[in-house]
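To keep things clear, I will list the structure first and then write my remarks on it.
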Amino acid sequence: MTHQGGWRATIEGVRTSASVRGKGVGTELIKWAIQRAEERGCHLVQLTTDKKRPDALRLYERLGFKATHEGLKLKI
Numbered sequence: 012m013t014h015q016g017g018w019r020a021t022i023e024g025v026r027t028s029a030s031v032r033g034k035g036v037g038t039e040l041i042k043w044a045i046q047r048a049e050e051r052g053c054h055l056v057q058l059t060t061d062k063k064r065p066d067a068l069r070l071y072e073r074l075g076f077k078a079t080h081e082g083l084k085l086k087i
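Note that the numbering used here numbers the sequence shown so that position 61 is 72, with each residue one more than the last.
Written out as structure tokens, the structure is:
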């Protein structure tokens with residue numbers, strides 16, 4: 012179930028090699044994923060990122076993502 016219905020795309024586990032960081036590879040990966048989601052009729056793209064990765068957070072914000080929720084995890 013989703014709030015207000017409709018398809019959502021989820022992006023998880025995005026990492027780039029240290030040798031290509033800062034060269035636009037991450038930006039292109041996320042743009043590609045957003046385009047695929049649009050083509051498939053998704054009305055929302057959501058992702059999570061580790062709070063210990065401020066560079067990743069800045070990348071996502073530059074691409075238009077907004078912080079909307081606080082996530083929780085439980086290791087068992």
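Where a beta carbon is used, it is the ideal one built from N, C-alpha and C, also for glycine.
Determine the extent of the alpha helix (DSSP H) in which THR38 is found, giving its start and end residues. It spans 36-50 - the alpha helix (DSSP H) in which THR38 sits, taken as one unbroken run.
Within 10 Å of its beta-carbon, does ALA29 have 16 or more other beta-carbons around it, so buried, or fewer, so exposed? ALA29 should be labelled exposed.
Within a Cβ cutoff of 6 angstroms, which residues of the same chain sit near ALA67, ignoring the five residues on either side of it in sequence? These residues qualify, in order along the chain: THR60.
Beta-carbon contacts of LEU40 that lie in its chain and below 8 angstroms, excluding the five residues immediately before and after: Close CB contacts of LEU40 within its chain, under the 8 angstroms cut and outside five residues either way in sequence, are with VAL25 and THR27 (chain order).
Going by Cα to Cα distance, which pick from GLU23, GLU49 and GLY16 is closest to GLY37? Relative to the Cα of GLY37, the nearest Cα in the group GLU23, GLU49 and GLY16 belongs to GLU23.
Taking the continuous beta strand (DSSP E) assigned at LEU58, which residues delimit it? The continuous beta strand (DSSP E) containing LEU58 extends over residues 53-58.
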